[in-house]
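Trainee: Residues 2 to 119, numbered by my numbering, are exactly what the sequence shown covers, in order. Backbone N, C-alpha and C fix where the C-beta goes; we use that ideal spot for every residue, glycine too. Keep in mind that this is a model prediction, so the values were computed, not measured. Just dropping this structure here.
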Amino acid sequence: MLDLEGLKNNKDLVASIDWDMTPRKAFEEYQLKSVDNWKYHSDSPVCYFYVSTWRGEAKLLLIRRSLKQSEELAEVSPPEDLMRDCISSQEGEDMPRGQLPLTPALKNWLYQELGSRG
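Have a look at this one:
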């Protein structure tokens, strides 16, 4: 799994990040719970960041998700205050469970660190 420095050196991967994807959107697009959902699913994989709070551990993860699997590509260590603010501002809103979208402040920090869209 990549860290921040490894991610910075992988420009193709950084360019493939969907900054608008959230855990909720990914869940809705890639989890097929009924036959009717087939008409809404997405065929192409997506890379996006989210904050994992699973098992009480806060992690900023980059994931690649497709219909068949999800793979953790990078774990980034942001400033503690940004993580704390992200978690506290969305308490109880994790959907799917243990997954939070990025706050604008956390997203802006990533943009700056990765030299990406801002």
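#1: Where in the stretch 65-98 do unbroken runs of the alpha helix (DSSP H), each at least 4 residues long, occur, reported from the N-terminal end onward?
#2: If we count the other Cβ atoms within 10 Å of its Cβ and call it buried at 16 or more, is Lys-108 buried or exposed?
#3: Contact criterion: CB-CB distance below 8 Å. Does Arg-25 meet it with respect to chain B?
#4: Starting from the C-beta of Tyr-49, find all residues in its chain whose C-beta is less than 6 Å away, skip the five residues before and the five after it, and write them out in chain order.
#5: Could you have a look at Leu-107 and say whether DSSP puts it in helix, strand or coil?
#6: Figure out for me which residue from Phe-28, Ser-17, Ser-53 has the closest Cα to the Cα of Glu-76.
#7: Let me know the secondary structure DSSP gives Gln-32 once reduced to three states.
#8: With a threshold of 7 Å on Cβ separation, who are the neighbours of Arg-66 within its own chain once the five nearest residues in sequence on each side are excluded?
#9: If the criterion is Cβ atoms closer than 8 Å, does the pair Leu-83 and Pro-24 meet it?
#10: Let's see if you can read the secondary structure: which residues bound the alpha helix (DSSP H) around Ala-16?
#11: Considering just the uninterrupted stretch of the beta strand (DSSP E) at Ser-53, what are its terminal residues?
Mentor: In short, the structure shows the following:
#1: Counting whole runs of 4 or more residues, the stretch 65-98 contains the alpha helix (DSSP H) stretches 81-90.
#2: Counted from its first residue, the sequence shown places residue 108 at position 107. That one is buried.
#3: Absence of chain B from the displayed structure is noted, only one protein chain being present.
#4: Translated into the one-based positions of the sequence shown, residue 49 becomes position 48. Within the same chain, Tyr-49 has close Cβ partners Asp-19, Met-22.
#5: On the sequence shown, residue 107 is found 106 positions in, with the first residue counted as 1. Leu-107 falls in the helix class under three-state DSSP.
#6: Mapped onto the sequence shown, residue 76 falls at position 75. The candidate whose alpha carbon is nearest that of Glu-76 is Ser-53.
#7: The residue given as residue 32 occupies position 31 in the sequence shown. Three-state DSSP puts Gln-32 in coil, outside helix and strand.
#8: Start at 1 with the first residue of the sequence shown, and residue 66 comes out as number 65. Excluding sequence neighbours, Arg-66 sits near Ala-27, Tyr-31, Pro-46, Val-47.
#9: Sequence index remark: in the sequence shown, residue 83 carries index 82 (1-based). Sequence index remark: in the sequence shown, residue 24 carries index 23 (1-based). No, the Cβ-Cβ distance between Leu-83 and Pro-24 is not below 8 Å.
#10: On the sequence shown, residue 16 is found 15 positions in, with the first residue counted as 1. Ala-16 -> alpha helix (DSSP H) spans 12-16.
#11: Start at 1 with the first residue of the sequence shown, and residue 53 comes out as number 52. First-last of the beta strand (DSSP E) with Ser-53: 47-53.
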